[in-house]
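By this note's numbering, the letter at position 143 of the sequence shown is numbered 148, and the numbering carries on one by one without gaps. What follows is a single structure, written as structure tokens, with notes after it.
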Amino acid sequence: MQDITDEKNIEWEEEDPEDYISINADHALLKSVQILFKSESEVEVFYNGLLKSINHNKKLKKDPDNREETNKVLLNELLKYFKIDKINTVVRAVKENKKIEKVVTKEEKETEKILKKVFPDNNEFKKFITLSTRYMMENKEEPLQATVKSMINLGKTKSQILEITSILDKLF
Numbered sequence: 006m007q008d009i010t011d012e013k014n015i016e017w018e019e020e021d022p023e024d025y026i027s028i029n030a031d032h033a034l035l036k037s038v039q040i041l042f043k044s045e046s047e048v049e050v051f052y053n054g055l056l057k058s059i060n061h062n063k064k065l066k067k068d069p070d071n072r073e074e075t076n077k078v079l080l081n082e083l084l085k086y087f088k089i090d091k092i093n094t095v096v097r098a099v100k101e102n103k104k105i106e107k108v109v110t111k112e113e114k115e116t117e118k119i120l121k122k123v124f125p126d127n128n129e130f131k132k133f134i135t136l137s138t139r140y141m142m143e144n145k146e147e148p149l150q151a152t153v154k155s156m157i158n159l160g161k162t163k164s165q166i167l168e169i170t171s172i173l174d175k176l177f
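If you want it as structure tokens, here you go:
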């Protein structure tokens with residue numbers, strides 16, 4: 006990974022205002038975390054995992070200021086959630102000071118297109134999610150089984166069910 010000359014560290018506040026954590030890593034890589042994750046709770050979960058990875062890294066235990074190793078750990082943690090192409094797109098945009106509202110891959114666009122076609126209105130989609138969740142929680146069903154049952158309950162066709170289950174198949 007190319008090291009940039011910008012020596013900025015990121016700091017964020019935890020529960021106690023006197024507890025600050027500084028991560029000596031590539032500024033663009035750190036900034037991309039805020040862009041890639043959609044909610045503050047997702048960012049928090051990510052950083053908790055990152056801190057565990059940093060604490061378990063032998064090279065960083067010996068040399069906590071090893072920026073290259075910190076970058077590797079940070080990138081490996083991001084790769085648990087996103088594909089490298091998406092991470093690279095965001096990091097490049099951050100380095101070029103481009104404004105990024107949302108990075109969407111081809112796969113995500115296709116998924117969104119299918120969802121809008123199968124569930125033309127938001128209320129129907131919410132019903133689908135509610136039913137699927139209920140089947141998984143109450144009946145202890147697998148996600149695909151719950152999806153099929155909820156879609157049948159909503160009167161969806163076999164082809165619509167197949168489209169949605171193919172999306173879920175990629176996830177699970």
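Just so you know, even glycine gets a beta-carbon here, dropped at the ideal spot from N, CA and C.
| Check | Outcome |
| --- | --- |
| Rounded to a whole number of angstroms, what is the C-alpha to C-alpha distance between GLN165 and VAL38? | 34 angstroms |
| Relative to the C-alpha of ILE40, which candidate in LYS57, THR75, LEU83 has its C-alpha closest? | LEU83 |
| Just how far apart, CA to CA, sit LYS175 and ILE119? | 14 angstroms |
| Can you tell which of ASP31, THR162, HIS32 has its C-alpha closest to the C-alpha of LYS122? | THR162 |
| What's the C-alpha gap between ILE28 and GLU101? | 22 angstroms |
| Within 8 angstroms (strictly less), CB to CB, does ILE172 reach chain C? | Absent from the structure: chain C. Only one protein chain is present. |
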